[in-house]
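All you need for the numbering used here is the position in the sequence shown, starting with 1, plus 52. Every residue, glycine too, gets a C-beta built ideally from N, C-alpha and C. Please read these numbers as outputs of a predicted model, since none were measured by experiment.
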Amino acid sequence: MANKIKYFLTVFLISILFYVFSAMYSFHQLHKGIYFNDKQLIENYVDWQSVRGNVKNYINIEILKKSQSEEIFKQLGDVGILLSGFAGKFVEIAIDTYLNSDGISLLLEKSQKKDEVPKPSIITLLGSFTIMDNNGLNSFYINYENEGEKYPIYFTRDGLKWKITNIEFPKDLFEKIK
């Protein structure tokens, strides 16, 4: 009986360690993909369909808010609604075209902040545990910080891998871009 309990506890602990390590490993692989600008690694650890949908929804909501709050759109009436629809459709086409591993790779090449990304190592692999916040059994997020703003990036389990599925943007992102 004691052997069965030891066996069960051992299997249970190994399962928990594997669960945590699989998340750390996936995050580390994505980190390597970004650091070395490896399109294939980025492709493997991002659920592009979910991320594209997330970005499209965010931008379409912002366009809708602007079109409802700006006086010029109110004066245009139905034409303003039509213009908002065209803008939303244009954004969707642009996101479908450019939000992929090739587009991210191009952005990484042009980025002025690429030197700020630490080189992937065993220390960054093990240290990734400290920046991961659990968001349920099959999800965690990290907070990417840029110029004092935090952008939560959500990872969801996809089999043995964890993939980025959602990115939260601040409510006033368009105001800051102006």
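- Residue pairing for E197: DSSP places it in a beta bridge opposite K202.
- Cβ atoms of R104 and D148 come within 8 Å of each other, at about 6 Å.
- The three-state reading of DSSP puts S191 in strand, counting E and B together.
- Three or more Cβ pairs closer than 8 Å define a contact, and the stretch 175-185 meets that threshold against the stretch 58-76.
- Across the set P172, Y206, L160 and K84, the C-alpha of Y206 shows the shortest separation from the C-alpha of N190.
- Between K117 and I194, the alpha-carbon positions lie close to 28 Å from each other.
- Secondary-structure assignment with DSSP links F207 through a beta bridge to F192 and I216.
- A direct Cα-Cα distance of roughly 8 Å separates N218 from V107.
- With fewer than 16 other CB atoms across the displayed protein chains lying within 10 angstroms of its CB, V131 is exposed.
- When DSSP states are grouped into helix, strand and coil, V107 belongs to the helix group.
- I66 is positioned such that its CB atom lies no closer than 8 Å to that of L160.
- Less than 8 Å divides the Cβ of V98 from the Cβ of K215.
- For V169, the secondary structure class from DSSP, reduced to helix, strand or coil, is coil.
- Take the alpha-carbon of Q120 and the one of G211: they are about 42 Å apart.
- For S67, the enclosing alpha helix (DSSP H) has its first and last residue at A54 to Y87.
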